[in-house]
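Reading through the structure tokens given below for one structure.
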Amino acid sequence: MLDGKTLDFDFCLREGFPIVGWLNALDLDTLFSVNLPHYPDLMKEFYANFGFSTSVSLSTRVKDRNILMNKFLSIPSDGSRGWSNRSWVEEDGFNKEECVHLLFGKNAYVVEKMYSRNLRFDYIFLHRAVATHILPKAGGFDEITHMEAFTMFYIVTSRRINVPLLILNHMKAMQARENARLPYGNLVTKILMYNVDLDGEVHHALQSADKLGKGTLGIMGFKKHKRLATWIPKNEDSNRVSNEEEEGEEGEEAQGGENVVLEAESSPSFNLPNNQFEEIMQAIRGLERRQRRLERKLVEKGLIGKEDMTSKEEDQENATNGAEDQNTDIAEVGDDGDDRMDD
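Just so you know, the sequence shown maps onto residues 1 to 343 in the UniProt record's numbering.
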């Protein structure tokens, strides 16, 4: 069974994620806030007895009580009624090419299989929300189904979509699928509460892991860049990210570190392109860090005294001189480190 999820709205608001605005525009925030336990035995009875009629209503019987469920979800039931299990939805007002271009970029093509790793970050997070709240599945979150893409398109463009009907169709599909994990644990409880006595029934509350937020992003392979304050894949240029974070920490400890870069950039005699300038400065900083580590080791071995260690002021002066002399000073600093090692 799939217990259900809630969305961490506070976290999303702090991070400025657009998903909050998308859901509020369609009055779907209530659906993503249902924090209720699930009742395994009653869920089995619920799915075993419900019937799906041609009038698009769904009823069931639990503990000898009849339940007509459409009115209990507390979300709008107007808008698109499109549904397809295996292919793109075909209805007036929806164009699959437009959908693909919105989600994957204007140069993307309509293909049979779509993957969330090809989406931008905001859409990746929205896809996880759709695949856990509206059309829940047990796994395979990297793959985007046609119905998931269809639903995301309507949410992002603020077009009305009949989410209760999506849920009812998905319930029917999961009931018919062999060995499927029954979805909507918390929503089923919300429905049962209107007409069924739940006292004494075995139940399981939602856990912190069932909240879609910061922890979910970590599981999905994202981390927050300390300096840029943006969410990036953990494996995306990890060396560059590590170096930038280390330089940021050093800049906080030694005031004026940024001044060295700014002065070098404003110098009229320094005409290297920005990317080459950054490469030179990063090389200089790397050599400085290497020299400091070497000096600390020599102090620990008693080969030099602490008074012989290079001061931060001298480091900054060396960095400035290194920027002005370009690669010449880089070679000299490297040779100096080697000479100290030989001593």
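Note that the Cβ used here is the ideal one computed from N, Cα and C, for glycine as well.
These figures come from a predicted structure and were not determined experimentally.
Problem - Three-state secondary structure (DSSP) of residue 353 - result: Residue coverage of the chain in this structure runs from 1 to 343, which leaves residue 353 outside it and unanswerable.
Problem - Three-pair Cβ contact test at 8 Å for the region 162-172 versus the region 12-25 - result: No: the two stretches stay apart, fewer than three of their Cβ pairs being nearer than 8 Å.
Practice task
Taking 8 Å as the cut-off, decide whether the C-beta atoms of D87 and H38 are in contact.
Solution key: Per the sequence presented here, residue 87 reads as Ser, with Asp not at that position. Going by C-beta atoms, S87 is not nearer than 8 Å to H38.
Problem - Environment of S80 [buried if 16+ CB atoms lie within 10 Å] - result: Burial call: buried.
Exercise for the section: Return the bridge partner residues of L7 from the DSSP annotation. Expected result: According to DSSP, L7 bridges with L212.
Problem - Within 8 Å, strictly: CB atoms of V182 and M174 - result: The sequence given here places Leu at residue 182; Val does not occur at that position. Cβ distance < 8 Å, so L182 and M174 count as in contact.
Exercise for the section: Give the DSSP bridge partners of V62, in chain order. Expected result: R65, per the DSSP bridge assignment.
Practice task
From the DSSP output, in three-state form, read off S116 for me.
Solution key: helix
Problem - Inter-residue Cα distance where the pair is residue 344 and K106 - result: The structure shown does not extend to residue 344, since the chain is modelled only from 1 through 343, so no value can be given for it.
Practice task
Classify F17 as helix, strand or coil using the three-state DSSP reduction.
Solution key: coil
Handout entry: Per-residue burial, R128 [other beta carbons within 10 Å of its own, 16 or more giving buried]
Key = Buried.
Problem - I155 vs W22 beta-carbon contact at 8 Å - result: Taking 8 Å as the cut-off, the beta carbon of I155 is found closer than this to the beta carbon of W22.
Practice task
Establish whether the CB of E143 and some CB of chain D are separated by less than 8 Å.
Solution key: The structure shown contains no chain D; it is built from a single protein chain.
Handout entry: Residue closest to G213, alpha-carbon to alpha-carbon, out of A25, N24, L2, F32
Key = Comparing Cα positions, the closest option is F32.
Practice task
Could you round the C-beta distance between V130 and T157 to whole angstroms and report it? I think they count as a contact, below 8 Å.
Solution key: Not quite, the Cβ-Cβ distance comes to about 14 Å (not below 8 Å), so this is no contact.
Handout entry: Buried versus exposed call for H204 [16 or more other C-beta atoms within 10 Å across all chains shown]
Key = exposed
Problem - E98 burial status per 10 Å Cβ neighbour count (16 or more: buried) - result: exposed
Handout entry: Identity of the residue in I232, R290, I191, E300 nearest L36 by Cα
Key = I191
Practice task
Select from S74, L42, Q207 the residue whose C-alpha is nearest the C-alpha of T60.
Solution key: L42
Practice task
Determine the DSSP secondary structure at I134, reduced to helix, strand or coil.
Solution key: helix
Handout entry: 7 Å Cβ shell around N118 - same chain, five flanking residues per side excluded
Key = F104
Handout entry: Residue nearest to K137 in terms of C-alpha spacing, selected from Y184, A25, A209
Key = Y184
Practice task
Could you tell me the distance, in whole angstroms, from the CA atom of V100 to the CA atom of S84?
Solution key: 17 Å
Practice task
Please specify which runs of the alpha helix (DSSP H), each continuous and at least 4 residues long, are wholly inside the region 166-236, giving them in chain order.
Solution key: 185-192, 214-219
Problem - For E143, the residue or residues it bridges with in DSSP - result: Y115
Exercise for the section: May I ask which residues mark the beginning and end of the alpha helix (DSSP H) holding E91? Expected result: E91 -> no alpha helix (DSSP H), and no H or E assigned at all.
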